[in-house]
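> What follows is a single structure, and I will ask about it in a moment.
Protein chains: 2
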Amino acid sequence: MKLKVQFSFILFVAFLWTSSSFAQENVDLEMMYKIKTEGTRNSQIQDLAFHLTDLMGPRLSGSTNLRRARQWTAEKFEEWGLQNVKIDSYGEFGRGWDVKKSYIAMKTPYYAPLIGYPKAWTEGTNGLVSSEVVLVDIQSEADFEKYKGKLSGKVIMLPTTLSTTPAFTAEARRLTDEDLENRKEVTINAATGARYTPAQIQQMRDQRVLDQKVNEFLMNEGIAMKLSGTRGNFGTVFHTRAGSYSTAKNKTLPEMEIALEHFGRIERLLKNGQTVNLDAEIEVEWLDDDYKGYNVLAEIPGTDKTLKPELVLLGAHLDSWHAGTGANDNAAGVVVMMEAIRILKTLGVQPRRTIRIALWGEEEQGLFGSRGYVQKYVGDRQTQEKKGEWDKISAYYNVDNGSGKIRGIYLEGNDQLVPVFEKWFEPFHEMGAKTITRRNTGSTDHVAFDAVGVPGFQFIQDPIDYGKGYHTNMDLYERMQQGDMTQAAIIVAAMVYNTAQRDLKLPRKPWGK
Amino acid sequence: MKLKVQFSFILFVAFLWTSSSFAQENVDLEMMYKIKTEGTRNSQIQDLAFHLTDLMGPRLSGSTNLRRARQWTAEKFEEWGLQNVKIDSYGEFGRGWDVKKSYIAMKTPYYAPLIGYPKAWTEGTNGLVSSEVVLVDIQSEADFEKYKGKLSGKVIMLPTTLSTTPAFTAEARRLTDEDLENRKEVTINAATGARYTPAQIQQMRDQRVLDQKVNEFLMNEGIAMKLSGTRGNFGTVFHTRAGSYSTAKNKTLPEMEIALEHFGRIERLLKNGQTVNLDAEIEVEWLDDDYKGYNVLAEIPGTDKTLKPELVLLGAHLDSWHAGTGANDNAAGVVVMMEAIRILKTLGVQPRRTIRIALWGEEEQGLFGSRGYVQKYVGDRQTQEKKGEWDKISAYYNVDNGSGKIRGIYLEGNDQLVPVFEKWFEPFHEMGAKTITRRNTGSTDHVAFDAVGVPGFQFIQDPIDYGKGYHTNMDLYERMQQGDMTQAAIIVAAMVYNTAQRDLKLPRKPWGK
């Protein structure tokens with residue numbers, strides 16, 4: 001008898017466990033249908049994409065265009081009837097900077113306009129610079145002597161080690177079933193010890209010190225401008241490390257990044273003893289009226305008595321680099337997130353938890369917007385102090401890998417979510433989204449949440465023109481795959497909805513004291 | 001008995017036939033070895049490539065740079081000890097044209113430098129143009145009324161139908177064995193009748209008439225500049241149809257070709273009711289001191305008493321489009337041909353027939369250089385009149401498909417050459433060159449010779465960055481695959497040598513009256 005009772009008890013416990021871990025993942029298929037229908041029939045993707053890229057333009061941190069974009073997105077949220085719309089400062093960022101004029105052309109041995117862009121936060125030139133170009137090759141401090149007194153008013157370039165090779169593989173790609181299967185695998189690297197030898201590390205340190213001294217030397221010699229080569233080819237120019245937006249206003253060099261082939265041409269001409277003359281002009285405007293950084297926030301308030309103080313966040317960064325219009329990086333993410341919340345709002349969803357969209361500022365300089373938000377409202381990753389929203393946020397969803405379709409999601413190692421997300425993705429298998437991987441993916445705003453133990457996710461996306469175009473002058477409207485973004489907005493809307501309605505917050509990885 | 005004699009006679013004839021068609025294709029393997037060795041050990045490809053692209057710059061027909069390049073190549077031929085070096089005029093080409101300044105940037109809704117180039121032989125603007133952009137959409141003459149009196153001093157654009165899609169296939173490719181095998185196949189198209197219906201043809205004619213009227217209208221209204229969208233993307237700008245180099249000096253519009261994405265941005269902004277202001281400037285210089293077109297010629301004279309008046313020609317066009325430096329189109333071909341003759345000269349070859357290199361002018365405007373040469377020295381393709389060199393030229397070899405390896409040769413339908421070239425290519429199988437195809441290939445200088453029944457050949461080449469870069473601003477030094485060009489120069493040198501030494505001229509297709 002006793003045995004029998006015990007067995008029944010086990011069955012009962014098993015039943016409870018089963019019902020708690022599976023029953024609550026029942027997906028509201030009617031709502032999924034509505035989301036798909038609204039997203040495909042009444043998509044606003046094209047209009048949002050146009051406004052954010054073509055009309056707002058490049059949205060460099062601190063720039064006038066980023067200010068315009070904050071304003072425009074906030075107004076759009078108001079227009080849609082979202083609640084608690086605000087442009088919320090998280091703290092200080094630094095100086096704003098706008099390009100007012102940029103021109104560069106070779107004058108001798110023949111006239112040729114060059115593709116070039118002022119480096120972000122560079123100083124302007126003193127009007128039009130007409131100068132020969134000097135190739136400054138400094139291998140040690142002893143080499144300073146060679147150039148002393150010879151560089152005043154000159155345009156200079158340092159030798160580059162960059163080169164370009166033909167593209168034998170396609171730039172755009174759909175992930176295959178095999179790719180996706182491989183992406184599930186979590187590889188644990190063996191501890192192989194230091195990546196660099198002590199000698200190599202010392203060499204790198206010495207090089208950094210020398211680089212700094214070279215920069216000071218060039219500044220003291222009064223050069224007119226510095227030319228930098230960049231990654232990219234065929235007219236695509238990747239941005240290199242930026243100048244300084246620091247409010248300390250340290251003097252820096254006027255600097256222009258030019259197309260690899262154009263840089264190579266000048267370098268080869270100089271190395272072959274030819275004289276190269278350039279005309280160049282950079283005019284910039286510094287914005288010193290507001291050093292603060294901001295995020296744009298808006299909500300669909302929760303309606304469940306108990307759950308409404310809890311939050312589901314979706315977001316993407318609004319800022320971009322400055323020579324394109326930040327289309328794939330990251331107007332695409334912003335548009336997808338805006339469209340996702342528009343779909344939910346249009347459907348009149350009354351979510352149990354509050355749904356909040358956050359458009360982050362200053363991601364490109366170090367996730368400043370999302371980290372600032374987390375620091376202000378969620379928790380301190382250094383001290384591990386928890387703040388008000390720490391135990392209220394169920395999940396944060398982020399899109400920042402271009403405009404390619406969503407094919408699955410990265411769990412940031414949180415195994416507990418496999419059965420949850422597998423269930424949630426089921427209605428989207430036929431749209432190509434099905435892969436749940438335990439893997440981490442790095443380097444964007446979800447990391448700010450993950451760093452304080454709050455579930456933050458980024459999606460697996462098809463790599464369509466992303467690697468080739470992000471952080472370049474060619475990250476423009478045409479890069480955005482609007483059909484793919486329609487799919488992504490639908491899936492994000494569904495994920496957000498499911499998170500808002502779920503009985504429990506999403507399970508977390510252990511964190512904190 | 002009679003039968004037996006007859007049989008012996010047949011055998012004897014068969015022997016003669018065999019010996020004449022095979023024995024004479026014995027290849028001088030020692031010379032092939034020397035050519036390979038000189039071409040690989042002492043290659044001048046890099047130096048030639050640098051000079052022709054970086055240093056000479058773009059070599060638009062009639063331009064200062066093309067004149068410089070003619071001079072430089074002629075001097076190089078003299079330096080190598082070639083004979084009968086001359087810059088030979090074939091007749092009139094037209095006006096020369098140089099760009100002295102080119103600048104274009106969007107001013108509102110925000111500042112953005114644009115990638116743009118003056119259309120070849122366009123007029124300059126009247127200094128810096130600061131203007132709003134007007135999208136002029138004229139579907140019929142009735143639409144002129146809408147714009148009358150409103151365009152003076154404005155920058156205008158016509159709507160474009162161009163668009164860009166992600167590259168799901170690689171831009172650079174090695175031809176596979178299967179590709180090469182397929183290329184041997186000659187497809188004969190069934191006569192399916194007219195490609196266009198009479199209605200379609202009428203529509204195209206009407207459109208051409210309307211386009212002309214629109215252009216006249218814009219000119220009469222006094223627009224400041226016209227913007228054109230172009231093929232290409234990611235910063236690569238293809239050249240569209242050129243302006244006029246005619247000595248009639250008909251007035252044309254100042255016109256700039258801008259990157260597809262930049263054109264698209266302005267067009268979308270205008271279609272969405274936004275105001276777009278531009279700053280733009282084109283300064284050009286017309287060269288009216290010499291309207292003639294020229295080819296650069298040089299020789300290694302023949303040494304065989306009987307055969308030395310006969311000729312083997314090798315060539316490539318020296319001119320290019322104007323926004324790149326004409327690297328793959330066609331500095332690559334020029335460099336390969338120069339290197340090929342340098343190899344033969346350096347080896348001290350005493351050819352039976354005279355070897356002549358020809359660097360053609362004005363290919364891009366309609367094979368003017370090679371056609372002019374043929375008209376002057378070889379034959380008239382209209383009247384079929386034969387001139388002095390008609391029965392002296394054994395073959396003309398051309399390279400104009402970029403810098404990719406030679407993989408074989410097009411026979412232009414001349415079946416008789418299969419056994420000859422199969423034998424000649426044997427020593428180069430291990431370099432990837434082996435495919436003899438009866439196919440035609442079009443549109444470059446060998447066609448000028450083929451048109452008068454003189455054997456003219458172009459090679460099968462690997463398509464490395466050619467389709468993506470030719471006729472663009474990005475056809476620059478980096479496009480040239482110098483390892484591949486080394487291979488090509490060796491093979492061309494061998495083909496030219498074999499042609500010069502062969503007992504008979506190469507067999508021809510029937511031609512003429």
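Protein chains in written order, with UniProt numbering: chain H, 1 to 513; chain V, 1 to 513. In this text, a Cβ means the ideal position worked out from N, Cα and C, and glycines have one as well.
#1: Pick out whichever of H:S61, H:V27, H:E38 has its Cα sitting closest to the Cα of W286 (chain H).
#2: May I have a chain-ordered list of the beta strand (DSSP E) segments no shorter than 3 residues that lie completely inside the region 384–411 of chain V?
#3: Quick check on residue 591 (chain H) - is its C-beta less than 9 Å from some C-beta in chain V?
#4: Taking the alpha helix (DSSP H) that Q207 (chain V) belongs to, which residues open and close that run?
#5: Counting C-beta neighbours from all protein chains within 10 Å, is the total for P254 (chain H) 16 or more, i.e. buried, or is it exposed?
#6: Can you tell me which of the three DSSP states V496 (chain H) falls into?
#7: For T236 (chain H), which residues in the same chain have their Cβ closer than 6 Å to its Cβ, ignoring the five residues on either side in sequence?
#8: Taking 7 Å as the limit between beta carbons, can you name the residues of its chain near E132 (chain V), skipping five residues before and five after?
#9: Taking the straight line between their C-alpha atoms, what separation do you get for Y410 (chain H) and V335 (chain H)?
#10: Which residue from H:T486, H:E478, H:L55, H:P510 puts its Cα closest to that of I35 (chain H)?
#11: Measure from the C-beta of I460 (chain H) to each C-beta in chain V and report whether the shortest distance is under 9 Å.
#12: Assuming I282 (chain H) and T122 (chain H) form a contact by the criterion Cβ under 8 Å, report the distance between their Cβ atoms to the nearest whole angstrom.
#13: Which same chain residues end up closer than 7 Å to Q482 (chain V) when comparing Cβ atoms and leaving out the 5 residues on each side of it in sequence?
#14: By Cβ distance, which residues of its chain are closer than 7 Å to G407 (chain V), with the 5 residues on each side in sequence left out?
#15: Within its chain, find whatever has a CB closer than 7 Å to the CB of A327 (chain V); leave out the 5 residues flanking it on each side and keep chain order.
#16: Whose C-beta lies closer than 8 Å to the C-beta of K249 (chain V) among residues of the same chain, with five residues either side of it excluded?
#17: So, under 8 Å CB-CB, H446 (chain H) and G456 (chain H) are touching, yes? Tell me the CB distance rounded to an integer number of Å.
#18: Compare the C-beta of P254 (chain V) with all C-beta atoms of chain H and state if any pair is closer than 9 Å.
#19: Would you say I464 (chain V) lies against chain H (beta-carbon separation less than 9 Å)?
#20: For the beta strand (DSSP E) that F457 (chain H) lies in, which residues bound it at each end?
#21: Give me the chain V residues within the contact set of residue 520 (chain H), using Cβ-Cβ distance strictly less than 7 Å, ordered along the chain.
#22: Quick check: is the beta carbon of E478 (chain V) nearer than 9 Å to any beta carbon in chain H?
#23: If I measure Cβ to Cβ from Q365 (chain V) and keep anything under 7 Å in the same chain, skipping five residues before and after, which residues do I get?
#24: So, under 8 Å CB-CB, A74 (chain V) and V296 (chain V) are touching, yes? Tell me the CB distance rounded to an integer number of Å.
#25: What are the residues of the region 260–271 of chain H that lie near chain V, defined by any Cβ-Cβ distance shorter than 9 Å?
#26: With a threshold of 9 Å between beta carbons, is A112 (chain H) in contact with chain V?
#27: Of all the alpha helix (DSSP H) runs that stay within the bounds of the region 429–484 of chain H, which reach a length of 4 or more residues?
#28: Quick one: list the residues of chain H neighbouring residue 522 (chain V), beta-carbon separation under 8 Å, in chain order.
#29: Hey, how far is the Cα of E25 (chain H) from the Cα of L114 (chain H)?
#30: Which whole-angstrom value is the C-beta distance of M204 (chain H) and I104 (chain H), which I expect to be below 8 Å?
#31: Quick one: which chain V residues come within Cβ less than 7 Å of G432 (chain H)?
#32: Would you report the Cα separation of T325 (chain H) and T125 (chain H), rounded to the nearest angstrom?
#33: Cα-Cα, which of H:Q350, H:L260, H:E310 is closest to T303 (chain H)?
#34: On a CA-only basis, which of V:K226, V:M31, V:T240, V:G81 is nearest T252 (chain V)? Give me that one, please.
#35: Could you check how far apart the C-beta atoms of T444 (chain V) and D400 (chain V) are, in whole angstroms? I think they sit under 8 Å.
#36: Using a Cβ-Cβ cut-off of 9 Å, state whether D445 (chain V) counts as contacting chain H.
With the given structure in hand:
#1: H:S61
#2: 393–398, 406–410
#3: Any property of residue 591 (chain H) remains undetermined from this structure, which presents chain H solely from 1 to 513.
#4: 198–221
#5: Burial call: buried.
#6: helix
#7: T472, M474
#8: K154, T275, V276, N277
#9: Cα-Cα distance, rounded: 21 Å.
#10: H:T486
#11: no
#12: Going by Cβ atoms, the distance from I282 (chain H) to T122 (chain H) rounds to 7 Å, so yes, they are a contact pair.
#13: I45, Q46, A49
#14: With the sequence shown as reference, residue 407 (chain V) is identified as Arg, and Gly is not the correct amino acid for it. Closer than 7 Å at Cβ, skipping near neighbours: L175, L180, G432, A433, T435, I460, Q461, D462.
#15: T53, D475, L476, Y477, R479, M480
#16: R95
#17: Confirmed, Cβ separation roughly 4 Å.
#18: no
#19: yes
#20: Looking at the DSSP string, the run of the beta strand (DSSP E) that includes F457 (chain H) is 456–461.
#21: What is shown of chain H runs 1 to 513, which leaves residue 520 (chain H) out entirely.
#22: yes
#23: S61
#24: For a cut-off of 8 Å, the C-beta gap from A74 (chain V) to V296 (chain V) is around 5 Å, short enough to register as a contact.
#25: L260, E261, H262, G264, R265, I266, R268, L269
#26: yes
#27: 446–450, 466–469
#28: Residue 522 (chain V) cannot be examined here, being either before or after the span of chain V that is shown, 1 to 513.
#29: 57 Å
#30: M204 (chain H) to I104 (chain H), Cβ: 31 Å. No contact.
#31: Per Cβ cutoff of 7 Å: no residues; G432 (chain H) is ~15 Å from chain V at best.
#32: The C-alpha of T125 (chain H) is placed about 24 Å away from the C-alpha of T325 (chain H).
#33: Measuring from the Cα of T303 (chain H), the nearest candidate turns out to be H:Q350.
#34: V:K226
#35: Rounded, the Cβ-Cβ distance is 4 Å, consistent with contact.
#36: no
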